[in-house]
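Visitor: Order-wise, the sequence lines are chains A and B. If you read the first sequence in my numbering, its first letter stands for residue 105, the second for the next number, and so on. If you read the second sequence in my numbering, its first letter stands for residue 563, the second for the next number, and so on. Can you read through this structure? Questions will come right after.
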Amino acid sequence: MDAIQKRILAEVADLHAVPEGAYNIRANGVSAGRRSTANIEITPKPGGSGIEVRIRPGTVNESVHIPVVLSQSGFKETVYNDFHIGEGSDVTIVAGCGIHNCGNQDAQHDGIHRFYVGKNARVRYVEKHYGEGDGEGKRILNPGTEVYMEEGSAMEMEMVQIRGVDSTKRITTAELAAGARLSVKERLMTHQSQWAESVYKVNLNGEGSSADVVSRSVARDESYQMFDACLTGNVACHGHTECDSIIMDRGRILAMPKLEANSTDAELIHEAAIGKIAGEQLIKLMTLGLTEAQAEEQIINGFLK
Amino acid sequence: MLELKNVSYDVEDIEGRVGILKDVSFTVEDDRFVVVTGPNGGGKSTIAKIIAGVVRPTGGQILMNGQDITELGITERAKLGISYAMQQPVRFKGIQVVDLLRIAAGRDMSVAESCDYLSRVGLCAREYIHREINASLSGGELKRIEIATVLARSSQISVFDEPEAGIDLWSFQSLIRVFEQMRETIRDSSILIISHQERILEIADEIIVVADGRITRHGPRQEILPELIGTPAAVGGCGRLAEGR
Numbered sequence: 105m106d107a108i109q110k111r112i113l114a115e116v117a118d119l120h121a122v123p124e125g126a127y128n129i130r131a132n133g134v135s136a137g138r139r140s141t142a143n144i145e146i147t148p149k150p151g152g153s154g155i156e157v158r159i160r161p162g163t164v165n166e167s168v169h170i171p172v173v174l175s176q177s178g179f180k181e182t183v184y185n186d187f188h189i190g191e192g193s194d195v196t197i198v199a200g201c202g203i204h205n206c207g208n209q210d211a212q213h214d215g216i217h218r219f220y221v222g223k224n225a226r227v228r229y230v231e232k233h234y235g236e237g238d239g240e241g242k243r244i245l246n247p248g249t250e251v252y253m254e255e256g257s258a259m260e261m262e263m264v265q266i267r268g269v270d271s272t273k274r275i276t277t278a279e280l281a282a283g284a285r286l287s288v289k290e291r292l293m294t295h296q297s298q299w300a301e302s303v304y305k306v307n308l309n310g311e312g313s314s315a316d317v318v319s320r321s322v323a324r325d326e327s328y329q330m331f332d333a334c335l336t337g338n339v340a341c342h343g344h345t346e347c348d349s350i351i352m353d354r355g356r357i358l359a360m361p362k363l364e365a366n367s368t369d370a371e372l373i374h375e376a377a378i379g380k381i382a383g384e385q386l387i388k389l390m391t392l393g394l395t396e397a398q399a400e401e402q403i404i405n406g407f408l409k
Numbered sequence: 563m564l565e566l567k568n569v570s571y572d573v574e575d576i577e578g579r580v581g582i583l584k585d586v587s588f589t590v591e592d593d594r595f596v597v598v599t600g601p602n603g604g605g606k607s608t609i610a611k612i613i614a615g616v617v618r619p620t621g622g623q624i625l626m627n628g629q630d631i632t633e634l635g636i637t638e639r640a641k642l643g644i645s646y647a648m649q650q651p652v653r654f655k656g657i658q659v660v661d662l663l664r665i666a667a668g669r670d671m672s673v674a675e676s677c678d679y680l681s682r683v684g685l686c687a688r689e690y691i692h693r694e695i696n697a698s699l700s701g702g703e704l705k706r707i708e709i710a711t712v713l714a715r716s717s718q719i720s721v722f723d724e725p726e727a728g729i730d731l732w733s734f735q736s737l738i739r740v741f742e743q744m745r746e747t748i749r750d751s752s753i754l755i756i757s758h759q760e761r762i763l764e765i766a767d768e769i770i771v772v773a774d775g776r777i778t779r780h781g782p783r784q785e786i787l788p789e790l791i792g793t794p795a796a797v798g799g800c801g802r803l804a805e806g807r
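Spelled out as structure tokens, the structure:
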């Protein structure tokens with residue numbers, strides 16, 4: 105990998121060297137490194153269209169890194185990665201995609217991730233998006249995530265996109281069996297004329313399943329965001345979705361938290377708030393010696409932390 | 563030393579021009595603890611905002627150690643050593659107590675040091691240091707954190723706008739002790755508190771009474787306080803609670 109690719113890798117996966125444990129690094133459509141471990145097997149799909157990650161039942165405290173780097177203007181790809189997480193395991197999966205585009209053609213990565221989370225398994229999934237480069241070509245990321253959770257499993261998802269992605273359409277779907285718990289934390293900031301859509305469809309199918317989908321976002325300049333989260337409760341279950349946004353400059357946000365109850369025992373809650381930074385917050389930080397711009401930065405940093 | 567010279571503040575409302583402050587002049591010398599009291603709506607909070615730079619006066623001058631700061635903004639005044647604790651502290655999603663203390667101190671303060679400031683306002687540091695300053699904190703907790711941020715700054719003058727407002731009686735009793743302690747350690751800085759509370763007035767060096775936008779009385783505590791007892795400008799503690807004290 106070259107210096108640009110290495111730097112992007114550090115941005116999206118906090119990786120400065122070869123990671124510990126299992127990994128697969130994809131750069132401009134080809135594998136730039138792969139390692140399986142005794143418990144985690146990574147195999148390529150035919151034709152380079154993605155990978156299969158199989159985690160043995162009972163694998164505990166291990167991690168998988170699967171970052172993707174694009175540095176070639178005009179490069180477009182769709183990748184299908186499947187994760188089979190064995191019963192009773194407890195693992196961390198770090199994905200992430202960074203695009204460096206200094207050309208005038210669009211660069212695009214559509215990553216479709218499917219997670220099959222076994223009984224009583226626990227997964228922490230971290231996905232970070234990042235874009236840079238001063239070319240006119242757009243940096244486009246369209247992640248699709250499908251989650252199938254078996255009984256008693258738990259999944260925590262952290263989705264972060266803070267800088268440099270021009271257009272993104274994220275679609276996340278989840279099916280939860282009895283006692284399964286899903287927690288999603290999304291952090292999003294858009295600049296200039298960027299466009300970001302985020303759609304969630306979560307089906308709570310099993311008794312006692314629960315989902316918590318929380319998004320915090322900041323829309324700056326002329327950017328646009330759309331948040332559309334639908335929780336469907338089909339049995340006795342708990343669902344909560346929340347969208348909390350700061351709007352600045354000429355940014356625009358459409359927030360649509362939705363609930364669908366198909367059982368009298370489904371307990372579902374949604375919350376949404378969009379507003380500018382409160383003047384009082386700026387004043388408070390300015391009385392502590394910050395300039396208005398520094399105060400704004402602190403407020404946004406805290407909000408997106 | 564802070565000096566207000568013939569400060570006035572007018573606003574436009576449907577009935578025309580209304581004077582909120584009218585020709586207000588006073589000086590806060592170093593090493594002084596000054597309490598501003600008077601009826602509600604008399605202009606006390608506006609004085610605090612004018613000192614902090616949140617509100618610009620429509621007339622008059624503000625001087626700090628002889629320098630005219632009337633035209634300076636909030637940030638510049640803060641850098642000169644003016645601190646301001648708001649009547650209604652602000653909440654911030656995601657910002658933790660330790661972050662705010664670090665911003666206040668203007669440096670990367672150690673956790674141990676921030677704990678020190680929290681302990682001084684009677685908060686168990688271990689419990690609060692990483693709490694978010696959000697809706698999960700009570701009014702009393704927010705007030706204490708607000709005061710801790712002022713303590714963490716090296717201020718020339720600290721202005722507190724009704725530290726007793728919006729907090730329960732128990733929290734207030736212990737806040738009084740914080741101010742008593744500040745009075746003892748004030749040294750070459752000064753404190754200006756807006757308050758109706760008799761117990762705060764009792765530790766003042768000087769008392770300023772503001773009513774209808776004007777200063778009606780200004781002098782040493784010994785002289786002013788006896789005139790105020792029994793009026794809304796000096797609210798005593800609850801009699802029954804006091805007995806059990």
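C-beta: ideal position from N, C-alpha, C; glycine also. Since the structure is predicted, the reported quantities are computational estimates derived from the model, not experimental observations.
#1: Take the Cβ of residue 576 of chain B as the centre, count every other Cβ of all protein chains shown within 10 Å, and call the residue buried at 16 or more, exposed below.
#2: By a C-beta neighbour count over all protein chains shown, 10 Å radius and 16 as the cutoff for buried, is residue 153 of chain A buried or exposed?
#3: Quick check on this structure: which residue in A:275, A:184, A:267, A:302 has the alpha carbon closest to the alpha carbon of residue 296 of chain A?
#4: Is any beta-carbon of chain B found at less than 8 Å from that of residue 391 of chain A?
#5: What is the C-beta distance between residue 225 of chain A and residue 257 of chain A, in whole angstroms, given that I count them as a contact (C-beta under 8 Å)?
#6: Please name the residue in A:323, A:114, A:315 whose C-alpha comes closest to that of residue 287 of chain A.
#7: Where residue 705 of chain B and residue 375 of chain A are concerned, what is the direct C-alpha to C-alpha distance, given to the nearest angstrom?
#8: If you compare alpha carbons, which of A:222, A:230, A:239, A:277 is closest to residue 59 of chain A?
#9: What three-state label does DSSP hand residue 856 of chain B in the structure shown?
#10: Considering Cα atoms alone, identify which of B:713, B:702, B:569, B:762 is closest to residue 665 of chain B.
#11: Per DSSP, which one or two residues make a beta bridge with residue 411 of chain A?
#12: Check whether the Cβ of residue 711 of chain B lies closer than 8 Å to any Cβ atom in chain A.
#13: Looking at the unbroken beta strand (DSSP E) that takes in residue 607 of chain B, where does it start and where does it end?
#14: Is residue 219 of chain A helix, strand or coil when you go by DSSP?
#15: From the DSSP secondary-structure annotation, give me the bridge partner or partners of residue 184 of chain A.
#16: Closer than 8 Å by beta-carbon distance: list the chain A residues that pair up with residue 637 of chain B, in chain order.
#17: Please report the straight-line C-alpha distance between residue 806 of chain B and residue 735 of chain B, rounded to a whole angstrom.
#18: Would you say residue 715 of chain B lies against chain A (beta-carbon separation less than 8 Å)?
#19: Below 7 Å, is the gap between the Cβ of residue 136 of chain A and the nearest heavy atom of the ligand GDP?
#20: Could you check the C-alpha separation between residue 171 of chain A and residue 265 of chain A for me, to the nearest Å?
#21: How big is the Cα-Cα spacing for residue 118 of chain A and residue 249 of chain A?
#22: Considering only the beta carbon of each residue, do residue 661 of chain B and residue 406 of chain A sit closer than 8 Å?
#23: Quick check: the region 390-406 of chain A against the region 631-643 of chain B, are there 3 or more CB pairs under 8 Å?
#24: Which chain A residues are close to residue 648 of chain B, counting only those with a beta carbon under 7 Å from its beta carbon?
#25: Could you please give the first and the last residue of the uninterrupted beta strand (DSSP E) stretch that includes residue 337 of chain A?
#26: Which residue's Cα is closest to the Cα of residue 339 of chain A: A:358, A:328, A:307?
#27: In chain B, which residues lie less than 7 Å from residue 409 of chain A when you measure between Cβ atoms?
#28: Could you tell me the boundaries of the beta strand (DSSP E) in which residue 318 of chain A lies?
#29: By how many angstroms is the C-alpha of residue 403 of chain A removed from the C-alpha of residue 385 of chain A?
#30: Output needed for residue 718 of chain B: all residues of its chain with C-beta closer than 6 Å, excluding positions within five of it in sequence on either side, in chain order.
#31: So who's on the other strand from residue 261 of chain A, going by DSSP bridges?
#32: Apart from the five residues just before and just after residue 263 of chain A, which ones in its own chain have a Cβ nearer than 6 Å to its Cβ?
#33: Apart from the five residues on each side of it in sequence, which residues of its chain come closer than 6 Å, Cβ to Cβ, to residue 188 of chain A?
#34: With respect to the beta strand (DSSP E) encompassing residue 307 of chain A, which residues constitute its N-terminal and C-terminal limits?
#35: Check whether chain A comes within 8 Å of residue 827 of chain B, counting only Cβ atoms and requiring the distance to be less than that.
#36: How long is the line joining the alpha carbons of residue 756 of chain B and residue 703 of chain B, rounded to whole angstroms?
Guide: The relevant details are as follows:
#1: exposed
#2: exposed
#3: A:267
#4: Chain B contact via Cβ: present.
#5: 5 Å
#6: A:315
#7: 28 Å
#8: Past the edges of chain A, shown from 105 to 409, lies residue 59 of chain A, and the structure says nothing about it.
#9: Not covered by the structure: residue 856 of chain B. The range shown for chain B is 563 to 807.
#10: B:713
#11: Since the first residue of chain A shown is 105 and the last is 409, residue 411 of chain A is not available in this structure.
#12: In terms of beta-carbon proximity, residue 711 of chain B lines the interface with chain A, with at least one pair separated by less than 8 Å.
#13: Unbroken run through residue 607 of chain B is the alpha helix (DSSP H), 606-614; no beta strand (DSSP E).
#14: Reduced to three states, the DSSP call for residue 219 of chain A is strand.
#15: A:216
#16: 390, 393, 394, 395, 396
#17: Residue placement at residue 806 of chain B cannot be trusted, given a pLDDT of 46 that sits under 50; the coordinates are not used to answer.
#18: So yes, residue 715 of chain B belongs to the interface.
#19: This structure simply doesn't include the ligand GDP, nor any ligand for that matter.
#20: 14 Å
#21: 22 Å
#22: yes
#23: yes
#24: 388
#25: Segment 328-337, the beta strand (DSSP E) holding residue 337 of chain A.
#26: A:307
#27: In chain order: 656.
#28: 313-323 is the extent of the beta strand (DSSP E) around residue 318 of chain A.
#29: 8 Å
#30: 643, 751
#31: A:229, A:288
#32: So the list reads 231, 290, once near-sequence residues are dropped.
#33: Excluding positions up to five away in sequence, the list reads 158, 220.
#34: 299-308
#35: Residue 827 of chain B lies beyond the residue range present for chain B, which begins at 563 and ends at 807; the question has no answer from this structure.
#36: 19 Å
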